[in-house]
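Below is one structure, written out as structure tokens; comments come after it.
Protein chains: 2
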Amino acid sequence: MRKYCDYISVDCVIFGFEIDRLNVLLVDRTLRGEGESDIEFADHTLTGNHIYETETVGDAANRVLYDLTGLTGIYLEQFKTFAHPDRLKKENDRKWLLHDGRDPDKRIVSIGYFALLATQDVTIEWKGRNVKWVPYHEIGELAFDHNEILENALIALRNKAKHEPIGFELLPEKFTLSQLQKVYEIILDTEFDKRNFRKKVARMKYLIPLDEKQTGVAHKPARLYMFSREVYEKTKKDLFDFWV
Amino acid sequence: MRKYCDYISVDCVIFGFEIDRLNVLLVDRTLRGEGESDIEFADHTLTGNHIYETETVGDAANRVLYDLTGLTGIYLEQFKTFAHPDRLKKENDRKWLLHDGRDPDKRIVSIGYFALLATQDVTIEWKGRNVKWVPYHEIGELAFDHNEILENALIALRNKAKHEPIGFELLPEKFTLSQLQKVYEIILDTEFDKRNFRKKVARMKYLIPLDEKQTGVAHKPARLYMFSREVYEKTKKDLFDFWV
DNA sequence: GCAAAAGTGTTCGGAGTACACCCATGT
DNA sequence: ACATGGGTGTACTCCGAACACTTTTGC
Chain A
0 MRKYCDYISV
10 DCVIFGFEID
20 RLNVLLVDRT
30 LRGEGESDIE
40 FADHTLTGNH
50 IYETETVGDA
60 ANRVLYDLTG
70 LTGIYLEQFK
80 TFAHPDRLKK
90 ENDRKWLLHD
100 GRDPDKRIVS
110 IGYFALLATQ
120 DVTIEWKGRN
130 VKWVPYHEIG
140 ELAFDHNEIL
150 ENALIALRNK
160 AKHEPIGFEL
170 LPEKFTLSQL
180 QKVYEIILDT
190 EFDKRNFRKK
200 VARMKYLIPL
210 DEKQTGVAHK
220 PARLYMFSRE
230 VYEKTKKDLF
240 DFWV
Chain B
0 MRKYCDYISV
10 DCVIFGFEID
20 RLNVLLVDRT
30 LRGEGESDIE
40 FADHTLTGNH
50 IYETETVGDA
60 ANRVLYDLTG
70 LTGIYLEQFK
80 TFAHPDRLKK
90 ENDRKWLLHD
100 GRDPDKRIVS
110 IGYFALLATQ
120 DVTIEWKGRN
130 VKWVPYHEIG
140 ELAFDHNEIL
150 ENALIALRNK
160 AKHEPIGFEL
170 LPEKFTLSQL
180 QKVYEIILDT
190 EFDKRNFRKK
200 VARMKYLIPL
210 DEKQTGVAHK
220 PARLYMFSRE
230 VYEKTKKDLF
240 DFWV
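Chains as they are written, first to last, in numbering that gives the first Met the number 0: chain A, 0 to 243; chain B, 0 to 243.
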């Protein structure tokens with residue numbers, strides 16, 4: 000049995016994209032009282048876990064992701080660390096930790112990661128708790144400091160998306176240009192002109208057009224594209240677009 | 000007496016700029032043996048410290064900076080966290096920690112910050128150890144995982160400098176355009192054409208030309224400029240230069 | 001045939017790039 | 001007078017922004 004390091008944890012903000020929404024994977028947190036149907040409170044947390052004593056934090060984040068989705072090789076990036084002395088001290092948080100046999104006064108560092116994947120079926124139970132996709136804009140008050148972590152994750156995602164081609168990570172392997180445009184519109188909270196957007200992406204050699212089209216749609220079927228990381232790594236120019 | 004939290008620390012990569020060099024502030028680490036003149040090893044560390052039990056990590060980083068420089072309001076940014084299980088396990092590191100009365104087997108999370116300031120006089124002693132500026136390219140093997148932290152700090156600085164106006168933070172309040180150009184050339188490891196560079200910065204409203212010139216230089220004295228953060232915040236357009 | 005999204009071209013202004021010479025000062 | 005870095009303009013190309021209509025499919 001591997002031992003946990005009880006003062007280091009990772010929290011993963013798992014983003015998923017679907018049609019025209021950005022989703023986040025949340026876990027139910029329900030604290031029951033004495034009676035079976037006696038619920039003291041119910042809310043949600045981000046996904047996360049303590050790290051094992053001999054494990055790196057990156058491995059811990061990948062482990063959390065794998066346990067939830069069964070997927071490996073997911074886009075995952077460390078974006079910020081949270082260690083405020085009061086981050087676990089709200090009343091419900093203390094109760095939850097106590098109930099869970101943990102020390103609510105222990106100061107825990109949490110290293111924040113965000114992950115990107117296409118919204119799809121994931122394990123719906125995780126350590127006996129329910130897991131579900133929730134649209135970003137419908138997320139209410141979360142446990143601990145998870146609202147703060149979530150906000151920072153979105154900011155990090157935005158900044159990254161502005162300068163590096165990671166929108167693809169939120170789409171299935173094959174996608175249409177309209178889906179790609181939508182991803183960027185949602186992430187960056189803006190709108191693009193369709194013709195200008197297509198002119199722009201047409202210059203990107205690492206966006207490979209396929210000889211394949213959508214099927215089963217009630218309109219002209221769109222061409223499918225793939226992202227090629229190899230071509231990207233080879234052709235990317237280190238642009239000094241440089242501060243402006 | 001405030002108590003330290005013995006498993007959370009901050010490491011600060013303090014960058015300074017001078018003429019045409021990027022410097023980093025390092026602290027001597029000399030472990031003496033039994034005899035007075037018996038030196039077991041001598042190398043360098045980044046600046047850093049454990050955090051106090053009730054302190055935020057940002058406050059701890061600012062405290063380290065203040066202790067070293069006497070300055071407040073310095074540009075400071077959290078860039079990455081280091082928590083590899085073996086990060087303190089090199090032989091010399093173990094000896095040093097033992098000598099210092101600390102437990103070399105305790106896993107310590109270190110939250111990395113980088114700071115930017117104009118190279119200038121700083122406290123030359125800190126907790127009984129010597130402190131000095133060292134040009135980035137002359138830095139050899141450092142203690143612990145500090146080479147890794149340093150590398151990551153430079154990468155973070157570069158990425159930030161490409162998209163946000165932080166080059167100013169490495170210069171005195173009033174500076175010339177040639178100094179500014181040099182800062183960016185050093186950070187980004189490239190060269191710019193003087194005329195094009197000036198055309199570019201001329202568009203930036205937050206770069207304020209002063210009615211003041213250099214004095215005491217053996218050539219045509221250059222005009223001085225200031226950076227206005229207020230103007231920047233007001234006029235910056237959130238550019239979606241967007242991945243390319 | 002109609003609803004729905006796919007796909008396509010032109011014009012204009014602004015920014016990046018390449019490139020060479022005169023100017024003001026201290027010594 | 002000379003060495004040193006300061007300061008300036010033009011031509012060309014490419015990119016971003018604005019803007020409207022035809023095409024292909026499922027129903």
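All residues carry an ideal CB built from backbone N, CA and C; glycine is no exception.
Rounded separation between residue i and residue j - CA only
i	j	result
Y112/A	L67/B	32 Å
E191/A	Q178/A	Inspection of the sequence shows that residue 191/A is occupied by Phe rather than by Glu. Taking the straight line joining both Cα atoms gives about 12 Å.
K126/A	D188/A	35 Å
L97/A	L97/B	35 Å
F14/A	R197/B	42 Å
K181/A	K94/B	56 Å
G215/A	E33/A	53 Å
P103/A	K105/B	21 Å
V9/A	A59/A	7 Å
Y183/B	K161/B	9 Å
Y65/A	V130/B	45 Å
P84/A	V12/A	21 Å
N195/B	I185/B	17 Å
R101/A	E232/B	44 Å
W132/B	E124/B	12 Å
Proximity of residue i and residue j at Cβ, strictly below 9 Å
i	j	result
Q77/A	I110/A	yes
Y3/A	Y51/A	yes
V63/B	T46/B	yes
A114/A	F16/A	no
A221/A	Q213/A	yes
P134/A	R31/A	no
E54/B	R1/B	yes
L87/A	D144/A	yes
K173/A	L206/A	no
L70/B	G57/B	no
R128/B	T29/B	yes
T175/B	K204/B	no
I73/A	N91/A	no
Counted within 10 angstroms of its Cβ, other Cβ atoms place residue i as buried (16 or more) or exposed
i	result
D99/A	exposed
H218/B	exposed
E35/A	exposed
I18/A	exposed
V121/A	buried
K159/B	buried
D37/B	exposed
K193/A	exposed
Cβ of residue i within 9 Å of any chain B Cβ
i	result
N158/A	yes
K79/A	yes
P171/A	no
V56/A	yes
T53/A	yes
I73/A	no
Residue i at chain A interface by Cβ criterion, 9 Å
i	result
K161/B	yes
I7/B	yes
P208/B	no
P84/B	yes
C11/B	no
I50/B	yes
I38/B	no
V108/B	yes
Check: residue i C-beta below 8 Å from any heavy atom of the ligand FMN
i	result
D85/B	The model on display carries no ligand, and the ligand FMN is accordingly not part of it.
Query raised in the report: Within the chosen definition, does the segment 138-146 of chain B reach the segment 22-39 of chain B through at least 3 CB pairs nearer than 8 Å?
Result: yes
Query raised in the report: Would you call the segment 148-168 of chain B and the segment 78-85 of chain B touching, i.e. three or more CB-CB distances under 8 Å?
Result: yes
Query - Three or more C-beta pairs below 8 Å linking the segment 222-237 of chain B and the segment 164-183 of chain B - result: yes
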